[in-house]
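Q: This is the structure, below, for whatever I ask next.
2 protein chains.
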Amino acid sequence: MIRRGVQAIARLGHHGALPGASCVLPRLDLASAFASSTDNLISRFCLQKTDLKDYALPNASWCPDMLSLYQEFLEKTKSGGWIKLPSFKSNRDHIQGLKLPSGLAVTSDKSDWRIFTRCIPAEGQGYEYVIFFHPSEKKSVCLFQPGPYLEGPPGFAHGGSLAAIMDETFSKTAYLAGEGLFTLSLSIKFKNLIPLGSLAVLNVEVEKIEDQKLYMSCVTQSRDQQIVYAKSSGVFLQLQLEEESLQ
Amino acid sequence: MIRRGVQAIARLGHHGALPGASCVLPRLDLASAFASSTDNLISRFCLQKTDLKDYALPNASWCPDMLSLYQEFLEKTKSGGWIKLPSFKSNRDHIQGLKLPSGLAVTSDKSDWRIFTRCIPAEGQGYEYVIFFHPSEKKSVCLFQPGPYLEGPPGFAHGGSLAAIMDETFSKTAYLAGEGLFTLSLSIKFKNLIPLGSLAVLNVEVEKIEDQKLYMSCVTQSRDQQIVYAKSSGVFLQLQLEEESLQ
């Protein structure tokens, strides 16, 4: 029962064109599903003892705006409302604590995997970002500074690089706020270009959780909120984790 | 008159939250706008004499499916219908032949810029892709093979990496089919996960060009069309190029 949704996803490929992923996924037994608390999810996600490098820490490439807003949110973590999420090189590292359903596990390959948004290791050249999460309000803030390897129009971030950090911030928020694991849809309206090397702030909120789906919104803007870079929405599918990972 | 749209975009940032980029852009003089032919756009884009490296060429990392479909489309270029687009490290290289409006030009910085979808230089680790364009039918096909640095769920491409290559394929198609330069919106429905190292085929079509906007659609699927990975739509804004670049 627990793995039905995942098996359905694994099968989708063999059925040709689909009317929509949301239509073909069988209902989980909602009475027993999604029982793990946000606290448990967070404690598994934010490993306390680890020698993994956390990429969501300040470095010399951070612009003053990014650094000072980071410090501001770090202060807010001390009063308990906000949590700074660690960011390892690969989702497989996070998954030490949040085992994915076995239908999707890949363990035999020896590749050097990286989560897409940490694909460029050189400081300041690619993605610089840190996500703060507010469990009780089910919202997140991502501080994002695109480097010169994320270029689209000369001097500005590629629209796709913003789409990807939106998807990533949605994804981590969906998981921690309600075991949302897979993006079903993503819709973006672009308003202004983000200059490379500057700070963009993503404000993500969970609008509702209904019918195994999390509905989320994001406004991306300058720190002073005077420039809106983009507005977006995303829908994520809840999937039951394996029982052994819930213990 | 020619640069109005660009100046409007440059100004947007000073006006705070916007009702929608499409609403605040003043109309261009459509009688004189968008006069450059597709042939001219293509000849400027596909530089014949260049020592720039074209990243859209086969390498040892390409899977057999990608290689054979590439050869198939290369054959189709000989009969005149399809064109293989070159892909340089930066849009600034393409822009040697397709000068952007001066309001957006950035020339003083000494950074090593890369277009986002060529941000990982190691063969096979990041983005492998090649775009073929069909001028008379205003459509494109992008062969896309995500490497291990584009990971989201273990073993599969990050949703954001697919969003970015969609935006990039839309973008190049919009430019060549009708001087579409900026993404106004992007909307994606994800159906199945793309295994890392495998081929996904993006089929992009221009649905209509209306009111300074190009409306485009994309279906991403396996080569045999048995697995639909995602369906998406995008709207791009037409912007008049500087006159000197039209000569």
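Chains as they are written, first to last, in our numbering: chain A, 1 to 247; chain B, 1001 to 1247.
Ideal placement from N, C-alpha and C gives every residue a C-beta, glycine not left out.
Considering Cα atoms alone, identify which of Ser1187/B, Lys1189/B, Ile1188/B, Lys1172/B is closest to Leu1258/B.
A: One cannot answer for residue 1258/B here, as it falls past the ends of chain B, which runs 1001 to 1247.
Q: Give the straight-line distance between the Cα atoms of Asn59/A and Tyr1229/B, rounded to the nearest whole angstrom.
A: Going by the C-alpha atoms only, they are around 37 Å apart.
Q: Would you kindly work out how many angstroms separate the C-alpha atoms of Ile1131/B and Arg1223/B, rounded to a whole number?
A: Each residue's Cα considered, the two are about 15 Å apart.
Q: Shorter than 7 Å from the beta carbon of Asp65/A to some beta carbon of chain B?
A: Answer no: the Cβ-Cβ gap between Asp65/A and chain B never drops below 7 Å.
Q: Going by other Cβ atoms of all chains shown within 10 Å of its Cβ, with 16 needed for buried, is Ala122/A buried or exposed?
A: Result: exposed.
Q: Got a sec? Which residues, its chain only, sit under 7 Å from Ile1042/B by beta carbon, not counting five neighbours each side?
A: Ile1083, Pro1135, Leu1176.
Q: Report the three-state DSSP secondary structure of His134/A (helix, strand or coil).
A: Residue state, collapsed to three classes: strand.
Q: Run down chain A in chain order and give the residues with a C-beta less than 9 Å from the C-beta of Phe1190/B.
A: The answer, in chain order, is Ala21, Phe182, Thr183, Leu184, Ser185, Leu186.
Q: Is there a C-beta anywhere in chain A that falls below 7 Å from the one on Gly1080/B?
A: By this cut-off, Gly1080/B is not an interface position.
Q: If you run the structure through DSSP and keep just helix, strand and coil, what is Gln225/A?
A: Reduced to three states, the DSSP call for Gln225/A is coil.
Q: One question on the structure: do Gly124/A and Gly152/A come within less than 7 Å of each other, judged by their Cβ atoms?
A: No, Cβ-Cβ distance for Gly124/A and Gly152/A is not below 7 Å.
Q: Quick one: what's got a C-beta closer than 6 Å to Leu193/A's C-beta in the same chain, skipping five residues either side?
A: Cβ neighbours of Leu193/A beyond the five flanking positions: Phe156.
Q: What in chain B is Cβ-close to Arg44/A, meaning under 7 Å?
A: Those within 7 Å of Arg44/A in chain B number zero; the least Cβ separation is about 16 Å.
Q: So which residues on chain B does Trp113/A lean against when the C-beta distance must stay under 7 Å?
A: Result: Pro1148, Glu1151.
Q: Taking Val1235/B as the reference, which of Ser1198/B, Lys1191/B, Phe1190/B, Ala1174/B has the closest Cα?
A: Among Ser1198/B, Lys1191/B, Phe1190/B, Ala1174/B, the Cα nearest to that of Val1235/B is on Ala1174/B.
Q: Check whether the Cβ of Ser1087/B lies closer than 7 Å to any Cβ atom in chain A.
A: Not closer than 7 Å to any Cβ of chain A, the Cβ of Ser1087/B fails to qualify, so no.
Q: Cβ of Lys89/A within 7 Å of Cβ of Arg118/A?
A: Yes, the pair counts as a contact, with Cβ atoms nearer than the cut-off.
Q: Pull up the distance between the alpha-carbon of Lys53/A and that of Tyr1129/B, whole angstroms please.
A: Taking the straight line joining both Cα atoms gives about 31 Å.
Q: Which chain B residues are close to Thr173/A, counting only those with a beta carbon under 8 Å from its beta carbon?
A: Ordered by position in chain B, no residue passes the 8 Å Cβ test against Thr173/A, which lies about 14 Å from the chain.
Q: For Phe1088/B, which three-state DSSP category applies?
A: Of the three classes helix, strand and coil, the one that applies to Phe1088/B here is coil, per DSSP.
Q: If you draw a straight line from the C-alpha of Asp112/A to the C-alpha of Gly126/A, how long is it?
A: About 18 Å.
Q: For Phe1236/B, list the residues DSSP reports as bridge partners.
A: According to DSSP, which records beta bridges pairwise, Phe1236/B is partnered with Thr1183/B, Leu1214/B.
Q: Below 7 Å between beta carbons: does that hold for Arg1114/B and Tyr149/A?
A: Yes.
Q: Can you tell me the Cβ-Cβ gap for Leu202/A and Phe144/A, rounded? I've got them flagged as a contact below 8 Å.
A: The pair is a contact, with the Cβ atoms about 6 Å apart (cut-off 8 Å).
Q: Can you tell me which of the three DSSP states Gln972/B falls into?
A: It is not possible to answer for residue 972/B, since the shown part of chain B is limited to 1001 through 1247.
Q: Report yes or no: is there a C-beta of chain B within less than 7 Å of the C-beta of Pro154/A?
A: Closer than 7 Å: yes.
Q: How about Gly234/A: is its C-beta nearer than 7 Å to some C-beta of chain B?
A: So no, Gly234/A is outside the interface.
Q: Using the beta-carbon of each residue, which ones in chain B are nearer than 7 Å to Arg92/A?
A: Those within 7 Å of Arg92/A in chain B are Pro1154.
Q: Pull up the DSSP beta-bridge partners for Pro1195/B, would you.
A: Answer is Phe1156/B, bridged to Pro1195/B.
Q: Going straight from the alpha carbon of Ser1161/B to that of Gly1178/B, what length do you get?
A: So the alpha carbons of these two residues sit roughly 25 Å apart.
Q: Which residues share a DSSP beta bridge with Thr1220/B?
A: Beta-bridge pairing links Thr1220/B to Leu1202/B, Ala1230/B.
Q: Can you check whether the CB of Leu199/A is closer than 7 Å to the CB of Gly63/A?
A: Residue identity differs from the one stated: residue 63/A is Cys in this sequence, not Gly. It is a contact, given that the beta carbons lie within the stated cut-off.
Q: Using a C-beta cutoff of 7 Å, does Phe116/A count as contacting chain B?
A: Phe116/A counts as touching chain B.
Q: Hey, out of Ile188/A, Glu207/A, Tyr215/A, whose CA is closest to Ser1233/B's CA?
A: Taking only the C-alpha atoms, the option nearest Ser1233/B is Ile188/A.
Q: First and last residue of the alpha helix (DSSP H) that includes Leu41/A?
A: Taken as a continuous stretch (DSSP letters only), the alpha helix (DSSP H) holding Leu41/A covers 38 to 45.
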